[in-house]
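S.K.: 249 is the number that full-length UniProt numbering gives the last residue of the sequence shown; the numbers go up by one with no jumps.
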Amino acid sequence: MLEIKGLTATVDGKEILKGIDLVVPQGEVHAIMGPNGSGKSTLSYVLSGREGYEVTGGSATYDGQDLLALAPEERAAAGLFLAFQYPVELPGVGNANFMRTALNAVRRARGEPELDAVQFLKRARAELRRLSMADDMLKRNVNVGFSGGEKKRNEVLQMAILRPKLAILDETDSGLDIDALKIVAEGVNALRGPDFTAVVITHYQRLLDHIVPDRVHVLADGRIIRSGGPELAHALEAGGYASMIAEAA
Ligand code: ADP
Ligand code: MG
Ligand code: MG
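#1: Kindly indicate which three-state DSSP category Q26 falls into: helix, strand or coil?
#2: Should the stretch 154–167 be regarded as contacting the stretch 87–102, the criterion being three or more beta carbon pairs within less than 8 Å?
#3: Okay, do the stretch 36–54 and the stretch 201–208 touch, 3+ Cβ pairs below 8 Å being the bar?
#4: Taking V218 and L236 to be in contact with their CB atoms under 8 Å, please state how far apart those CB atoms are, rounded to whole angstroms.
#5: For D21 and G6, I'd like the C-alpha separation in whole angstroms.
#6: Is there at least one non-hydrogen atom of ligand 1 closer than 7 Å to the beta-carbon of G34?
#7: Figure out for me which residue from V106, G94, H234 has the closest Cα to the Cα of L80.
#8: Cβ of V24 within 8 Å of Cβ of L2?
#9: What residue range is occupied by the uninterrupted alpha helix (DSSP H) comprising G239?
#10: May I ask you to verify whether the stretch 125–145 touches the stretch 181–190, counting CB pairs closer than 8 Å and requiring at least 3?
#11: A167 to H234, Cα distance in whole Å?
#12: If we ignore side chains and look at the alpha-carbon of each, how far apart do G229 and I32 end up?
#13: Name the two residues that bound the continuous alpha helix (DSSP H) containing E112.
#14: Does the distance from the CB of L47 to the CB of L70 come in under 8 Å?
#15: Look at the alpha carbon of R108 and the alpha carbon of E73, and state the distance between them as a whole number of angstroms.
#16: Looking at G49 and R75, is the spacing between their C-beta atoms short of 8 Å?
#17: What first and last residue would you give for the alpha helix (DSSP H) that runs through E150?
#18: Less than 7 Å separating the Cβ of K40 from some heavy atom of ligand 1?
#19: Quick one, which of Y241, T10, A77, E150 has its alpha-carbon nearest D179's?
#20: So, I16 versus G39, is the Cβ gap smaller than 8 Å?
#21: Could you check what DSSP says for L82 in three-state terms: helix, strand or coil?
#22: Rounded to a whole number of angstroms, what is the C-alpha to C-alpha distance between N143 and Y241?
#23: I need the DSSP call for N141, collapsed to helix, strand or coil.
#24: Restricting to Cα atoms, I'd like to know which of E112, G111, L138 is closest to A122.
#25: Taking the C-alpha atoms as reference points, what is the distance between R205 and A220?
#26: Starting from K5, trace the beta strand (DSSP E) in both directions and tell me its first and last residue.
#27: Please classify L90: is it buried, with 16 or more other beta-carbons within 10 angstroms of its beta-carbon, or exposed?
What follows is the structure, given as structure tokens:
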């Protein structure tokens, strides 16, 4: 499970995370919702070990391992996957090679044999079929010229191939259309099971119509101010963040 205790972090000397407490038991999918600027993306960056995000207190462990002490690539090897709001484009880098390199880095770190191109393609095609995606996704350069929906599909494919134990998806205010939301939701739902834990970060309730979370947490001004079941997302949709923040204060 993922266990975050009293996590504080600064960006450019400004405190953004002001004491996050969160437990996500193994096999569960939790949603984090919150208004713009509440620190949702900062939390995902801190968990991924991105440069410029300084942890000033607290802890984050996964399966008892201190996540914050690991280098970003070690976090991936430990089974952590992070999907960001703005996927990078890599001209000249083939998608299949890119994903095989990522997968083999994780396999090496785990002491598992690497996959050659043929073995990888077999596995990748199986995932493509499972997700009802076209094969040509693998032949293109990473995200180059991809539509928003294709980038989302690619991210979901990458996640399906890597089979993370813990996925953190930051789907905040990226203006995803309903089709893209469904792609993300189907990708997460296809992986749901006892060995897959996920934190889905979203500004809007509508993603949670498709991914029904086990728990919903509301983040405001760097702290989790409320936690509840899926109904909490509906309450937010009806009442908005402002009244919940006022109530918590
Ligand atoms: P959310 O994802 O919930 O919209 P963010 O984590 O992106 O919120 O941002 C939280 C707060 O941190 C905002 O007030 C934002 O202005 C600030 N912030 C984020 N990144 C930086 C940065 N690189 N430098 C200074 N302030 C930042
Ligand atoms: Mg934002
Ligand atoms: Mg954000």
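Where is the CB? At the ideal position from N, CA and C, for every residue including glycine.
M.R.: In this structure, then:
#1: It is coil, neither helix nor strand.
#2: Contact holds: three or more Cβ-Cβ distances are below 8 Å.
#3: Taking 8 Å as the limit for Cβ pairs, the verdict is that the stretch 201–208 does touch the stretch 36–54.
#4: Contact flag correct, Cβ pair sits at about 7 Å.
#5: Approximately 5 Å between the Cα atoms of the pair.
#6: At least one heavy atom of ligand 1 is nearer than 7 Å to the Cβ of G34, so yes.
#7: Comparing Cα-Cα distances from L80 to each of V106, G94, H234, the minimum goes to V106.
#8: Taking the C-beta atoms as reference points, L2 is found nearer than 8 Å to V24.
#9: 231–248 is the extent of the alpha helix (DSSP H) around G239.
#10: These segments touch.
#11: Approximately 24 Å, taken between the alpha carbons.
#12: G229 and I32 have their C-alpha atoms spaced approximately 12 Å apart.
#13: DSSP places E112 outside any alpha helix (DSSP H), giving it a letter other than H or E.
#14: Contact annotation: L47 and L70 have beta-carbon atoms that are not nearer than 8 Å.
#15: Spanning the two alpha carbons is a distance of roughly 11 Å.
#16: Taking C-beta atoms as the reference points, R75 and G49 count as a pair closer than 8 Å.
#17: Start and end: 148–162.
#18: Answer for K40: yes, Cβ within range of ligand 1.
#19: With distances taken between Cα atoms, D179 lies closest to E150.
#20: In contact: I16 and G39 (Cβ atoms closer than 8 Å).
#21: Look at L82 here: in three-state DSSP terms it is strand.
#22: Going by the C-alpha atoms only, they are around 34 Å apart.
#23: The three-state secondary structure of N141, taken from DSSP, is strand.
#24: For the record, residue 122 in the displayed sequence is Lys; it is not Ala. K122 has its Cα closest to that of L138, out of E112, G111, L138.
#25: The sequence shown places Gln at residue 205, not Arg. The straight-line gap from Cα to Cα measures roughly 16 Å.
#26: 2–11 is the span of the beta strand (DSSP E), which, as asked, contains K5.
#27: The C-beta of L90 has fewer than 16 other C-beta atoms within 10 Å across all chains shown, which makes the residue exposed.
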